[in-house]
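Residue numbers (full-length UniProt numbering): 1 to 123.
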């Protein structure tokens, strides 16, 4: 309910109407915090990103992912990933580059990606 935007007092009113337990507002706040910890797993954003990329790589032997994490701030600096299908298509059509950036820009309207293209001469 909290993820859907319900306020703690609204959750409390719902719980009181549906259960016979005597629930106080502090109980609702504690439940919300427990749910957040369970969702996050007590891990940082970088650790969660690493686990998602590890899961992606385990889905298919051809999937690859690389990431660079700043050890001091524990912030992910660069993420690159490529599925087995993308690798196969690039091997078949190396001269084609397609970048879809129709949405997902940041507050300054910059697209949140960068790419490098190498020709047959390695430049």
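Beta carbons: idealized from backbone N, C-alpha and C, even for Gly.
Keep in mind that this is a model prediction, so the values were computed, not measured.
Asked, Found
"8 Å Cβ shell around residue 49 - same chain, five flanking residues per side excluded", "67, 76, 79"
"CA-to-CA distance, residue 37 to residue 64, given in whole angstroms", "29 Å"
"Residue 65 in three-state terms, based on DSSP", "strand"
"7 Å CB neighbourhood of residue 23 in its chain, flanking five on each side removed", "12, 15, 16"
"Nonlocal neighbours in the same chain, by C-beta distance under 8 Å from residue 84, ignoring five residues either side", "60, 61, 62, 63"
"Where the alpha helix (DSSP H) through residue 11 begins and ends", "8-18"
"N- and C-terminal bounds of the alpha helix (DSSP H) containing residue 90", "84-92"
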